[in-house]
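The sequence shown begins at 367 in our numbering and counts up one residue at a time. Just so it is clear, CB atoms sit at the ideal spot from N, CA and C, and this is done for glycine as well. I have placed the structure first, in the form of structure tokens, so that the comments after it can refer back to it.
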Amino acid sequence: VSKVALYTTQTSLLEARNAIRNHRQELLNNQQQLIAFGEKFNQLATEIHWRVNELESRLKKLEIKSAAKDDFDRIVTSWSAKQTYTQLPWVFQVVFLVREVFSSSVAIYEIESGDTEYFRDLLGNKIIAESQHLPDNFFDIHQLYEQEWQQLQSTDLDLAMGLLETRSLPRERLVEMPYYFTLGTTLELASLPEQVRPEKPAECAIEICRSQIAKLDYTTDVRDFVRQNVQEIANDSVTILSRSPKL
């Protein structure tokens, strides 16, 4: 073999080796690019998935709040227009109105959003705006309750007593609802036969509440009375609903 042929062969082998090395490097580079692209794709897919979930969550919240607002407006507007609870004295209207509001989508909104102020403040202000007949200064709770239950017709008394029945409620619920307990107990005492009925059922009910449930104040004003009733009933309704297996 001549030196020229040997040189040519060595050169060809070197070129082939370099070509193989370059091809291998190119494959490696392509592989790395594919890996980087795959990582970028996965990152982008994760980000898109997160954004879709976020949008779905926002949409769900908007739908829940919209449903809550629709229910709130429907219930409160009907009451303001004197289409509901018209035969009942003011105190009972307030209690049943608050219960109706927080038996609707409003309670679901509070559970899902954690916002326990918006609709409660709105409802309280609506009730106060419709309660111009009450005094602006402080008044005795027992006098208000006495006056209100005495305005009930006998059939309405039985109905209200059934709806405000407290004996079957566990103590852990009652201690969070002193106003509700006192009103229900007032009706229970007022419905007793005349020979055993206390002269002032509401006053007795307050003392029972203070000794067995919670230290309820003797006096209040319209704003605090409404706010306390809204908070008590709303908290109880939301707590009960949040324990439902359907949620």
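Can you tell me which of the options puts its alpha carbon nearest to the alpha carbon of residue i?
i, options, result
"residue 513", "483, 568, 547, 481", "568"
"residue 471", "479, 396, 430, 450", "430"
"residue 607", "469, 446, 451, 460", "469"
"residue 488", "530, 570, 434, 504", "434"
"residue 575", "526, 550, 586", "550"
"residue 507", "432, 564, 587", "587"
"residue 445", "538, 495, 547, 370", "495"
"residue 604", "571, 554, 474", "474"
"residue 573", "407, 522, 544", "544"
"residue 519", "454, 464, 443", "454"
"residue 600", "579, 584, 585, 539", "539"
"residue 486", "501, 465, 500, 375", "465"
"residue 490", "394, 404, 372, 594", "594"
"residue 529", "541, 438, 547", "547"
"residue 602", "408, 541, 497", "541"
"residue 463", "611, 592, 610, 609", "592"
"residue 532", "382, 552, 456", "552"
"residue 502", "424, 439, 570, 590", "590"
"residue 442", "579, 460, 393, 536", "460"
"residue 517", "409, 504, 456", "456"
"residue 571", "511, 596, 585", "511"
"residue 583", "427, 505, 412", "505"
"residue 458", "386, 384, 597, 515", "515"
"residue 439", "426, 390, 498, 492", "492"
Going by DSSP, name the residue or residues bridged to residue i.
i, result
"residue 585", "506"
In terms of residue numbering, what span does the alpha helix (DSSP H) encompassing residue i cover?
i, result
"residue 495", "484-495"
"residue 468", "Note, residue 468: premise wrong, no alpha helix (DSSP H); not H, not E."
"residue 579", "No alpha helix (DSSP H) holds residue 579; DSSP gives it neither H nor E."
In the stretch 394-437, which residue ranges form an unbroken alpha helix (DSSP H) of at least 4 residues, counting only runs that do not cross its ends? Here no run is fully enclosed.
Curious, which full-length alpha helix (DSSP H) runs of at least 4 residues does the stretch 505-565 contain? DSSP runs (the alpha helix (DSSP H)) wholly in the stretch 505-565: 507-516, 520-529, 537-540, 544-556.
Within 8 Å, do at least three Cβ pairs link the stretch 448-456 to the stretch 479-486? No: the two stretches stay apart, fewer than three of their Cβ pairs being nearer than 8 Å.
When the Cβ atoms of the stretch 521-531 are set against those of the stretch 546-561, are three or more pairs found closer than 8 Å? Contact annotation: the stretch 521-531 touches the stretch 546-561, with at least three C-beta pairs closer than 8 Å.
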